[in-house]
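Okay, so here's the structure we're looking at.
There are 2 protein chains.
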Amino acid sequence: MKSLPDKIRIKDIARLANVSTGTVDRVLHNRGEVSAKSREKVEKVLKEMHYQPNVYASALASKKKYTFATLLPECNEGEYWSDIKKGVDQAAHEFLDLNISVEQFFFDQYDNASFEKVAQSVLQLAPDAVLLAPIFKEQVISLATQLEGKEIPYVLIDSDIEEIHPLAYFGMNSLQSGYLAAKLLLSEAHKDTEIAIFQVYRSGNKGSNQTELRIKGFKRYIEEHLPSAKLLSVKIYAQNHTRNQEIIKDFFKQHPHIHEAITFNSKVYLITDYLKKLDISGIKFIGYDLLQKNVEALKSGEVNFLLAQRPEIQSYLGMKALCEHKIFKNEIKQKNFMPIDILTRENIDFYLDFRAI
Amino acid sequence: MKSLPDKIRIKDIARLANVSTGTVDRVLHNRGEVSAKSREKVEKVLKEMHYQPNVYASALASKKKYTFATLLPECNEGEYWSDIKKGVDQAAHEFLDLNISVEQFFFDQYDNASFEKVAQSVLQLAPDAVLLAPIFKEQVISLATQLEGKEIPYVLIDSDIEEIHPLAYFGMNSLQSGYLAAKLLLSEAHKDTEIAIFQVYRSGNKGSNQTELRIKGFKRYIEEHLPSAKLLSVKIYAQNHTRNQEIIKDFFKQHPHIHEAITFNSKVYLITDYLKKLDISGIKFIGYDLLQKNVEALKSGEVNFLLAQRPEIQSYLGMKALCEHKIFKNEIKQKNFMPIDILTRENIDFYLDFRAI
DNA sequence: CTGTTAGCGCTTTCAT
DNA sequence: ATGAAAGCGCTAACAG
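First to last, the protein sequences are chains A and B. This note's numbering numbers the first residue of the first sequence as 267 and each following residue consecutively. This note's numbering numbers the first residue of the second sequence as 267 and each following residue consecutively.
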């Protein structure tokens, strides 16, 4: 049971400090010249009264206009990046009344030239803040350097790059997610078990940093807990279906004792589709990300676990961080790791139904 | 790349509909008398222009004062209900500028008379909305009936009651969480395995509805997948420690083949503490809820999985729903099931570090 | 360096 | 039934 103190206003502070509201506003925002004496008086009263600005009034009165830019892969509905876009859209919607307009730029995730081109447009726009997915390391470093030169803050989502200085990073800890994947897949495995690793390639996409880290984490678990287990890599090229089917068929003919399998990018559904066609079953399988097709595979039991996070939260929080930084001048935490969510056919529906933002 | 349409205001609507802003406001809020003709014109323009009110201006101008009440178990830091309270506090903080004051009432979760007493105080306060945890079914039904009589909306959190008509429910689907617990515990178990179920009782607390549902879900999985498995219940009374240790020791002497165990309330740490003292290990163990002591047991490997949700989100969303309903007159979804989060020693830290609200 | 003042978009009261 | 106008708390331009 608590009673709220009547909220105190700038006007109250001004009266108590024997100054005008204008002066209070100036010390609140470090704007304009204020005499040391006035500043002191005001700051004292501010602290004593625990002044908290009315965010609604503040937002309403502020005349500043901001432009935020986002730089993300283009994609179709149901794919990973479309969820990321949803978070951006949601943030953009909430930002409207804060006089923030959001310009979304898209590039082809399999073509670094397209990224470079779009990066140019972003620089030309000279936005007040930028959100980007650092798919192409080299090109991102170049863009980041230029943004830093212009003192435009930017946040990274989905994967991280060490060499640059973003305002913040929002994404998963890939290494640990690989480690967890191994634990879930192998905690009850036979010590000499044979594990299949399916790697799905696509031209133009030379295995992301994220995937590498997941594999590293996966192998670390195996070194620690199952040093005599055997890892068998199977490489698949997304384009050639009949060929792939052959590869997989041969693989299982040669290795009939495989009971565990994993895919480190988000294409696990591709593999389980082949397995279904080839009538291969009884394999414990783990994959990543909640693509619609992956979810179907999870629900039908072809995949046992999906490791994921809510992509839309990553981007939403990234946008919010930019907003907090630029508009409300709040401190932003630099490394923001998403929880690693474990999904099974038993909890996936609640996960998907839940509106997290 | 999209450009935002300049936001249209009530003033614009008024001009386009040839009425005054007052009239527009009247139709927007179904307040006061408006001629059918005016109403029509305004509604037409409203729709055409996709009018979205400026929430900041609206909040600022509104003079209405609201009081929300919460009715929750009292508890100490680190316990389950302290997280619930955190969500309430967070919401209360955000509501300040909306002229909503939150009065928190607490009762003793092991004493239904204390609930009745506090319920009286709530009714006397006659708040505009209520959030409550329905621990004592009978007493809650009585309170709910009176609230419904006064047309005071209320939301239920944590567990649900069928007989009453809350504005909304926020909590876990207990049945499914029991089913999932069984799956995680037993998916690779031997078909004749013996499973220990530890039930921790406390005087005054006669096994909650929630616990019953979890057990029901757990048993359903076993019927479906392991019909010949044996379930062995062990009853423990929280108060008598030396006695309990004896009980557990005897139990494992009589049943040396137990490899899986579960606790359905949040006291799994109690049991693993006994096991540690008795030097019993190698048991796969699942529990519920992120009490600090449970987290410790998870991290040390004594517990393999914890099933949980973020309690503070439940209460935060519950409060938000009341707010959306009373202030913004939005539709509220009635059943809101939380995701069932699966925690292991590998993902718990990211889960705990993540600021979800 | 400081005080005054005109709004921001919306709600609400008061005349008409 | 409707319009005009005051004012919510804050920002920012302006005058001094």
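Glycine is no exception: its CB is placed at the ideal position from the N, C-alpha and C atoms.
Assigned exposure category for residue i - 16 Cβ within 10 Å defines buried
i      : result
F594/B : exposed
R621/B : exposed
A379/A : exposed
G415/B : exposed
T529/A : buried
T508/A : exposed
K599/A : exposed
N624/B : Only positions 267 to 623 of chain B appear in this structure, which leaves residue 624/B out of reach.
N439/B : buried
L541/A : buried
M267/B : Because the pLDDT at M267/B is just 39, under 50, the model does not fix this residue reliably, and the value given afterwards should be weighed accordingly. Burial call: exposed.
G567/A : exposed
N613/B : buried
Q386/A : exposed
N605/A : The question names Asn, but residue 605/A is Pro in the sequence shown. Buried.
G298/A : exposed
A302/B : exposed
D607/B : buried
G553/A : buried
E578/A : buried
G584/B : buried
A283/A : buried
Q442/A : buried
D394/A : buried
S269/B : Any answer about S269/B is weak, because its pLDDT of 35 lies below 50 and its placement is not dependable; what the coordinates show is given next. So S269/B ends up on the exposed side.
S425/B : buried
A357/A : buried
T538/B : buried
D458/B : exposed
Closest by C-alpha distance to residue i, when choosing among the options
i      : options                           : result
L572/A : Q580/A, L557/A and H431/A         : L557/A
N342/B : I350/B, T336/B and A335/B         : I350/B
I274/B : N365/A, E345/A, E429/A and I427/A : N365/A
L312/B : Y322/B, S328/B, D278/B and L450/B : D278/B
V384/A : D377/A, E490/A and F373/A         : F373/A
Q390/A : I401/A, E369/A, K559/A and Y376/A : E369/A
P319/A : E306/A, V290/A, Y435/A and S304/A : V290/A
Y625/A : V569/A, P419/A and H431/A         : The question about residue 625/A has no answer, for chain A in this structure spans 267 to 623.
L362/B : S348/B, K533/B, N475/B and K329/B : K329/B
H525/B : E478/B, A455/B, E562/B and A392/B : A455/B
D619/B : V561/B, E360/B and Y582/B         : V561/B
K403/B : R305/B, S367/B, S474/B and M315/B : S474/B
K352/A : C589/A, K592/A, S581/A and F603/A : S581/A
I546/A : Y467/A, Q356/A, A280/A and V569/A : V569/A
H523/A : K496/A, D539/A and I427/A         : K496/A
N513/A : A462/A, Q412/A and A323/A         : The amino acid at residue 513/A is misidentified as Asn; the sequence shows Ile. Nearest of A462/A, Q412/A and A323/A to I513/A, Cα basis: A462/A.
Sheet register partners of residue i (DSSP bridge)
i      : result
A574/A : D607/A
K601/A : Y435/A
V466/A : I502/A
S367/A : T333/A
F372/A : L338/A
For residue j and residue i, believed in contact at Cβ under 8 Å, the rounded distance
i      : j      : result
A448/A : I488/A : 6 Å
L398/A : L450/A : Between L450/A and L398/A the Cβ distance is about 31 Å, and since that is not below 8 Å, they are no contact.
Y346/A : D615/A : Y346/A to D615/A, Cβ: 20 Å. No contact.
E309/B : V293/B : 6 Å
V421/B : A587/B : 6 Å
Q375/B : I401/B : 5 Å
Q520/A : K543/A : Rounded, the Cβ-Cβ distance is 19 Å, inconsistent with contact.
I481/B : G444/B : 6 Å
Q465/A : V500/A : 7 Å
L492/B : E460/B : That belief does not hold up - the Cβ atoms of L492/B and E460/B are roughly 11 Å apart, past 8 Å.
A609/B : A574/B : In the sequence on display, residue 609/B carries Leu and not Ala. Right, the Cβ-Cβ distance comes to about 6 Å (below 8 Å), so this counts as a contact.
V534/B : A504/B : At roughly 13 Å, the Cβ-Cβ gap does not stay under 8 Å, so V534/B and A504/B are not in contact.
For this session: Could you tell me which uninterrupted alpha helix (DSSP H) segments, each at least 4 residues in length, are contained entirely in the stretch 493–536 of chain A, listed from first to last along the chain?
Result: 507–520
Problem set entry | Complete alpha helix (DSSP H) runs within the stretch 374–430 of chain A (minimum length 4 residues, chain order) | 378–391 and 403–415
Exercise. Can you list the alpha helix (DSSP H) stretches of 4 or more residues lying completely in the stretch 426–461 of chain A, in chain order?
Worked result: List check, alpha helix (DSSP H) in window: 440–452.
For this session: Tell me the start and end of each unbroken alpha helix (DSSP H) in the stretch 293–347 of chain A that is at least 4 residues and wholly inside, in chain order.
Result: 302–315 and 321–327
Problem set entry | Every unbroken alpha helix (DSSP H) within the stretch 549–574 of chain A, with a cutoff of 4 residues, ordered by chain | For the stretch 549–574 of chain A, whole alpha helix (DSSP H) runs of length 4 or above, ordered along the chain, are 558–565.
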